[in-house]
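The structure under discussion appears below in the form of C-alpha cells.
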Amino acid sequence: MKKYQQLAERIAHQIELGVWHPGDRLPSIREQTGHSGMSFMTVTHAYQLLESRGLITARPQSGYYVSPPASATTPGVPASLVHQENVDINSYIFDVLQASSRPGVVPFGSAFPDPRLFPLAQLNRSLAHVARNTSAVSMTENLPPGHRALRQAIARRYAQHGLTISPDEIVITTGALEALNLSLQAVTEPGDWVVVETPCFYGALQAIERLKLKMIAIPSSPHHGIDLAALEQALNNWPVKACWLMGNHQNPLGFTLPDERKQQIIALLAQHQVSLIEDDVYGELYQGNTRPAPFRAFDTGGITLHCASFSKSLVAGFRVGWVAAGRHARRIQQLQLMSTLSGSAPVQMALADYLTTRSYDTHLRRLRRVLAERKHKAWQILRQHLPENCVITRHDGGYFLWVSLPDGIDTRALNTAAIREQISLAPVSMFTVGQAGLNGFRVNASFPWQEREIQAVQTLARLLQQALSAAS
Ligand SMILES: Cc1ncc(COP(=O)(O)O)c(C=O)c1O
1 MKKYQQLAER IAHQIELGVW HPGDRLPSIR EQTGHSGMSF MTVTHAYQLL
51 ESRGLITARP QSGYYVSPPA SATTPGVPAS LVHQENVDIN SYIFDVLQAS
101 SRPGVVPFGS AFPDPRLFPL AQLNRSLAHV ARNTSAVSMT ENLPPGHRAL
151 RQAIARRYAQ HGLTISPDEI VITTGALEAL NLSLQAVTEP GDWVVVETPC
201 FYGALQAIER LKLKMIAIPS SPHHGIDLAA LEQALNNWPV KACWLMGNHQ
251 NPLGFTLPDE RKQQIIALLA QHQVSLIEDD VYGELYQGNT RPAPFRAFDT
301 GGITLHCASF SKSLVAGFRV GWVAAGRHAR RIQQLQLMST LSGSAPVQMA
351 LADYLTTRSY DTHLRRLRRV LAERKHKAWQ ILRQHLPENC VITRHDGGYF
401 LWVSLPDGID TRALNTAAIR EQISLAPVSM FTVGQAGLNG FRVNASFPWQ
451 EREIQAVQTL ARLLQQALSA AS
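So the sequence shown is numbered by full-length UniProt numbering: it starts at 1 and just counts up by one.
Rendered as C-alpha cells:
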C-alpha cells in the first residue's frame with residue numbers, strides 16, 4: 001500500500017471508530033503534514049482519496065469535513081457498486097445448505113453435478129491398486145505441496161491446454177475451496193479490501209468474512225459478466241489487494257468471458273498490482289471443441305493464483321483440488337501446514353494413478369455431452385412451466401441455469417416455501433451481500449429430467465405464480 005493510501009485508511013478507520021464525527025473538520029492539510037511527517041502532496045492525495053470515497057467533503061476556503069454517515073454506496077461510485085466493511089453471511093449459507101441437503105429433497109439448489117455421472121468403478125480400481133502397492137513410507141511423503149505424480153499429472157493437463165506451469169508451483173489442497181481460501185489468505189491481511197463480483201460463489205463471501213476482509217462487489221450480468229467500468233472505478237478509488245473472479249462458467253450466472261475481456265481484466269489488475277484469485281472449477285466442463293482459456297493464460301506478471309479441483313469433473317467426494325500459485329506457492333504451503341497440514345495421501349495417489357493409466361478425456365467427453373443434453377432439457381421444461389416473466393439464461397458449458405425474476409419477488413421466502421415442498425433452490429441471496437442488483441435463483445440442471453424433476457418444476461411454477469400475485 002502506498003503512503004497516501006495508508007494515511008487514508010488510517011483516517012477512514014478513525015472515522016469508523018468515532019474519533020471524527022460527521023460534520024467535524026479534519027486537521028488542515030498543513031496541520032496533518034506536521035502531525036504525520038508526510039509530505040504535503042501525500043496528505044493531499046490521501047484527502048482526495050477519502051473525498052472520492054465519500055467519507056469526507058471539501059468546503060472551499062474552509063477545509064475538509066467528515067461526511068454524513070455512509071450508506072451502502074459512495075458518491076461518485078455507481079449506485080450498484082456495493083462496498084461492505086463487515087461481511088456476515090456464513091450462518092445464512094449454512095442454514096440454506098443444511099435444509100437443501102436433506103434426503104428426499106429435489107436438489108435444484110445443489111452445486112454438485114449428479115454423482116452418477118462420475119466413473120466410480122475406474123476410480124475404485126485406482127484406489128484398490130494404490131491400497132495394494134503403497135508402502136508405509138509413501139504415506140508421509142505427501143506433505144505440502146502434495147503427491148509429486150499428481151502435481152505432474154496436473155501440470156501435463158495444463159500443458160495439454162497450452163499452458164506451461166511447473167509442478168513445483170502447484171499445491172494440492174482439500175478441494176478448490178481450500179485452494180481459494182489459502183490463496184486469498186496468502187495475499188491479504190485482515191482489514192484489506194477485496195473485489196468480488198455480485199452475484200458470486202458464496203465461498204468467496206464466506207472466506208472474506210472468515211479472514212476479516214472488506215469487500216467491494218462489482219455487478220455482473222447474466223449475459224455480459226462483470227462490469228468493467230465499475231471494476232476500474234473500484235480499483236481507482238480503493239486500495240484493493242485482491243480480486244476473486246471466475247472467467248469460465250461463472251457460478252451462479254453461468255457466463256464465460258471472452259478472451260479479450262479476460263485480457264482487459266488482467267491488464268487492469270496488473271496496472272493496480274492487485275492479485276487475482278481465479279476460481280476455475282468448471283473449466284473442464286465446456287461445450288464445443290476447446291477449453292476456454294483461464295485468466296492465468298493471459299497473465300505475464302505473475303498476479304494470478306489459479307485454483308481448480310476434480311470435484312465437478314471427476315469425483316466430488318475425494319476432495320482433491322489445487323492451486324497453481326506461482327511465487328505464492330511457498331506461502332501457501334506454510335499456511336496449509338498451519339491449518340490442514342495436507343490432503344489424504346492414498347486419495348492423491350489414486351487420482352495420480354487414474355490420470356496416468358485411465359482415460360480422463362474419454363470420461364470428460366461423455367460427461368460434457370450428457371450435461372449439455374440435460375441442460376437443454378431442463379431449459380425446455382422450465383420455459384414450458386414457469387411464468388412468462390421468469391427469464392431463463394443458459395450458456396454453453398457447466399450445468400447451471402439462471403432464472404431471473406421480477407424485482408418484487410423475495411427469493412429467500414420463495415426458497416423457504418420451496419423447501420417445505422421438498423425442493424431446494426439456490427436463491428440470489430446466497431450469492432450476494434447488500435443489494436444484489438438482480439433477482440433470481442440458480443438451477444442445477446445436471447440431473448436426469450424425469451417425472452420427479454418435472455413435478456418439482458410444476459410446484460415451483462405454482463409458488464412463483466403465488467409470489468408474483470402477492471408482489472403485484
Ligand atoms: C464456483 C465454485 N468454486 C469452488 C467450489 C468448491 O469446490 P471444491 O468442492 O473442489 O472444494 C465450488 C463448489 O460448489 C464452486 O461452485
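The beta carbon of each residue, even a glycine, is placed where N, CA and C say it ideally should be.
Endpoints, the alpha helix (DSSP H) within which Tyr202 is located = Counting from 1 along the sequence shown, the entry for residue 202 is found at position 202. Unbroken alpha helix (DSSP H) run through Tyr202: Tyr202 to Arg210.
Out of Arg125, Thr140, Ala111 and Phe108, which has the shortest C-alpha to C-alpha gap to Gly343?
-> One-based indexing of the sequence shown puts residue 343 at position 343. With distances taken between Cα atoms, Gly343 lies closest to Thr140.
Quiz: which residues have CB nearer than 5 Å to ligand 1 non-hydrogen atoms | Ala111, Gly175, Ala176, Leu177, Phe201, Asn251, Asp279, Val281, Ser309, Ser311 and Gly321
Taking buried to mean at least 16 other C-beta atoms within 10 Å of its own C-beta, is Phe40 buried or exposed?
-> By one-based count along the sequence shown, residue 40 stands at place 40. That one is exposed.
Do Val187 and Ser309 have their CB atoms nearer than 7 Å?
-> For the purposes of this step, residue 187 is taken as the residue at position 187 of the sequence shown. For the purposes of this step, residue 309 is taken as the residue at position 309 of the sequence shown. In this structure, Ser309 does not lie closer than 7 Å to Val187 by Cβ.
Mind pulling the alpha helix (DSSP H) runs of 4 or more residues that sit fully within the region 295-357?
-> 329-338 and 345-357
Where the beta strand (DSSP E) containing Ser28 begins and where it ends = Position 28 of the sequence shown, counted from the first residue, corresponds to residue 28. It is not in any beta strand (DSSP E) - Ser28 carries neither H nor E in the DSSP assignment.
Can you give the Cα-Cα distance for Val171 and Gln233, rounded to whole angstroms?
-> Here residue 171 refers to the residue found at position 171 of the sequence shown. Here residue 233 refers to the residue found at position 233 of the sequence shown. Approximately 33 Å, taken between the alpha carbons.
Where Pro107 and Gln333 are concerned, what is the direct C-alpha to C-alpha distance, given to the nearest angstrom?
-> Position 107 of the sequence shown, counted from the first residue, corresponds to residue 107. Position 333 of the sequence shown, counted from the first residue, corresponds to residue 333. If I take the Cα positions, the gap works out to 35 Å.
Determine the direct distance from the alpha carbon of Lys212 to that of Val87, and round the result to whole angstroms.
-> In the sequence shown, the residue the question calls residue 87 occupies position 87. In the sequence shown, the residue the question calls residue 212 occupies position 212. About 8 Å.
Look up Pro427 in the DSSP assignment and say whether it is helix, strand or coil.
-> Mapped onto the sequence shown, residue 427 falls at position 427. The answer is strand: DSSP assigns Pro427 an E or B state.
Which term fits Phe431, buried or exposed, when burial requires 16 or more other beta carbons within 10 angstroms of its beta carbon?
-> Within the sequence shown, the letter at position 431 stands for residue 431. The residue is buried, with at least 16 neighbouring Cβ atoms inside 10 Å.
Return the CA-CA distance between residue 476 and Arg330, expressed in angstroms with no decimal places.
-> Outside the modelled stretch of the chain, which goes from 1 to 472, sits residue 476, for which no answer is possible.
CA nearest to the CA of Arg210, picked from Glu197, Pro190 and Ser221 | Locating residue 210 in the sequence shown gives position 210, counting from the first residue. Selected option, being the one with the closest Cα: Pro190.
Range of the contiguous beta strand (DSSP E) that encloses Gly440 = For the purposes of this step, residue 440 is taken as residue 440 along the sequence shown, with counting starting at 1. Looking at the DSSP string, the run of the beta strand (DSSP E) that includes Gly440 is Gly440 to Asn444.
Could you tell me whether the region 392-407 touches the region 435-454, where touching means 3 or more Cβ pairs closer than 8 Å?
-> yes
Can at least three beta-carbon pairs, one atom from the region 191-207 and one from the region 346-355, be found at a separation below 8 Å?
-> no
How big is the Cα-Cα spacing for Ser138 and Ile226?
-> Numbered from 1 along the sequence shown, position 138 holds the residue referred to as residue 138. Numbered from 1 along the sequence shown, position 226 holds the residue referred to as residue 226. Near 45 Å, if we compare the C-alpha coordinates of Ile226 and Ser138.
Which residues bound the beta strand (DSSP E) around Gly63?
-> Here residue 63 corresponds to residue number 63 of the sequence shown, with the count starting at 1. First-last of the beta strand (DSSP E) with Gly63: Gly63 to Val66.
Apart from the five residues just before and just after Leu177, which ones in its own chain have a Cβ nearer than 6 Å to its Cβ?
-> In the sequence shown, the residue the question calls residue 177 occupies position 177. Cβ within range, chain order: Gly203.
Using CA coordinates, which residue listed in Ala445, Ile303, Leu120 and Ala159 is at the minimum distance from Ser183?
-> The count along the sequence shown starts at 1 and reaches residue 183 at position 183. For the residues Ala445, Ile303, Leu120 and Ala159, the minimum Cα distance to Ser183 belongs to Ile303.
Could you tell me if Arg291 is buried or exposed, where buried requires 16 or more neighbouring beta carbons within 10 angstroms of its beta carbon?
-> Looking up residue 291 in the sequence shown gives position 291. By the 10 Å Cβ count, Arg291 comes out buried.
Ala157 to Arg125 span [Cα, whole Å] | The residue labelled residue 157 in the question sits at position 157 within the sequence shown. The residue labelled residue 125 in the question sits at position 125 within the sequence shown. Here the sequence assigns Arg to residue 157, which means Ala is not the residue at that position. Going from the Cα of Arg157 to the Cα of Arg125 covers about 22 Å.
Which of helix, strand or coil does DSSP assign to Ala70?
-> Start at 1 with the first residue of the sequence shown, and residue 70 comes out as number 70. Because the pLDDT of Ala70 is 45, which lies under 50, any placement of that residue in the model is unreliable, and the number read from its coordinates should be weighed accordingly. Reduced to three states, the DSSP call for Ala70 is coil.
Contact under 7 Å by Cβ, Ile277 with Leu314 = As a first step, residue 277 is located in the sequence shown; it is residue number 277 there, counting from the start. As a first step, residue 314 is located in the sequence shown; it is residue number 314 there, counting from the start. The answer is no: Cβ separation not under 7 Å.
Straight-line gap, Leu382 to Ile392 (C-alpha atoms, nearest Å) = The sequence position of residue 382 within the sequence shown is 382, counting from 1. The sequence position of residue 392 within the sequence shown is 392, counting from 1. When rounded, the distance between both Cα atoms is 8 Å.
What residue from Tyr47, Ala426 and Asp114 has the CA that sits closest to Arg412's CA?
-> Reading the sequence shown from its first residue, position 412 is the one you call residue 412. Of the candidates Tyr47, Ala426 and Asp114, the one whose C-alpha sits nearest the C-alpha of Arg412 is Ala426.
Within the region 351-427, ranges of the beta strand (DSSP E) (whole runs, at least 3 residues) | 391-393 and 400-404
DSSP state of Ile265, grouped into three classes?
-> By one-based count along the sequence shown, residue 265 stands at place 265. Note: Ile265 maps to helix in three-state DSSP.
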